[in-house]
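**Student:** To start, I am sharing the structure in question, which I have written as structure tokens.
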Amino acid sequence: MTESPRPQRRRSRGKDSPELVARLQRSHQRSLERRAAATEREKTITRAVADYLSAWQAISALEDRREGDVAALREQIDAVLARAAGEITTHEQAQAAAAAVVRAHVQSDEELADLLEITVKRARQLLAAWRTADTGPLSAPTTVPEPSRRNPRALEVSASRNVGVNEQSDGEAEPVTPSDEIPGPEASQADKDVREL
344 MTESPRPQRR RSRGKDSPEL VARLQRSHQR SLERRAAATE REKTITRAVA
394 DYLSAWQAIS ALEDRREGDV AALREQIDAV LARAAGEITT HEQAQAAAAA
444 VVRAHVQSDE ELADLLEITV KRARQLLAAW RTADTGPLSA PTTVPEPSRR
494 NPRALEVSAS RNVGVNEQSD GEAEPVTPSD EIPGPEASQA DKDVREL
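Take the sequence shown: its letters are residues 344 to 540, numbered as in my numbering.
Written out as structure tokens, the structure reads:
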């Protein structure tokens with residue numbers, strides 16, 4: 344019967360070799376460097392996120408202020424447009440009234456357009472605007488009836504009478520009185536009574 348072998352005694356670890364120590368140190372150093380790099384990376388990310396959110400907040404504030412400024416400017420623009428429109432309307436009414444006065448002294452819309460240096464269409468638009476205006480015309484000579492209250496041929500008849508008088512032998516022309524004019528469809532009842540007398 345053979346005897347069991349005796350367990351061998353483990354040899355105690357002797358002093359680590361310099362190479363092993365160096366490798367362990369390098370491994371530990373790499374671990375430290377990785378942790379430091381990770382920490383720095385997290386700090387960089389955190390700072391970048393903070394910068395992004397700060398810029399977002401600034402942009403939001405600027406957009407709000409921009410909308411307020413634009414709204415205020417639009418109100419000012421609307422006020423300027425409204426004021427200008429009112430003033431333009433006033434001047435257009437003055438143009439229409441002036442065109443009506445000129446039309447009362449000329450023979451045709453074409454002559455009116457030529458005097459005002461506008462198109463015939465524009466001249467007729469002015470006359471139509473004057474007739475439909477709520478306000479009365481600007482002050483005109485009292486001896487010239489308003490065009491809307493005269494017979495369209497009144498001026499022509501008056502002009503022909505003046506020509507006939509000028510051709511008389513004595514060379515003197517009698518003034519044309521309002522009663523000599525042909526009454527229009529809107530002549531007052533008082534004018535009709537005077538003519539009947």
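Glycine residues also receive a C-beta, built at the ideal position from the N, C-alpha and C atoms.
Should residue 362 be labelled buried (16 or more other beta-carbon atoms within 10 Å of its own) or exposed?
**Tutor:** exposed
**Student:** Can you give me the C-alpha to C-alpha distance between residue 391 and residue 416, rounded to a whole angstrom?
**Tutor:** 37 Å
**Student:** Rounded C-beta distance between residue 458 and residue 439? I'm assuming under 8 Å.
**Tutor:** Incorrect: roughly 15 Å between the Cβ atoms, too far for contact.
**Student:** Give me the Cα-Cα distance between residue 504 and residue 431, rounded to the nearest whole angstrom.
**Tutor:** Because the pLDDT of residue 504 is 42, which lies under 50, any placement of that residue in the model is unreliable, and the number read from its coordinates should be weighed accordingly. Distance between the alpha carbons of residue 504 and residue 431: 41 Å.
**Student:** Would you mind giving the Cβ-Cβ distance between residue 452 and residue 445, rounded to the nearest angstrom? I have them listed as a contact below 8 Å.
**Tutor:** That belief does not hold up - the Cβ atoms of residue 452 and residue 445 are roughly 11 Å apart, past 8 Å.
**Student:** Is residue 359 helix, strand or coil when you go by DSSP?
**Tutor:** Look at residue 359 here: in three-state DSSP terms it is coil, with no helix or strand label.
**Student:** Which class does residue 449 belong to by DSSP, given the choice of helix, strand or coil?
**Tutor:** coil
**Student:** Please classify residue 466: is it buried, with 16 or more other beta-carbons within 10 angstroms of its beta-carbon, or exposed?
**Tutor:** Burial call: buried.
**Student:** Just to confirm, is the Cβ distance from residue 441 to residue 473 under 7 Å?
**Tutor:** The criterion of a C-beta distance shorter than 7 Å is not satisfied by residue 441 and residue 473.
**Student:** Rounded to the nearest angstrom, what separates residue 409 and residue 448 at their Cα positions?
**Tutor:** 58 Å
**Student:** So, using beta-carbon positions, are residue 476 and residue 436 closer together than 7 Å?
**Tutor:** yes
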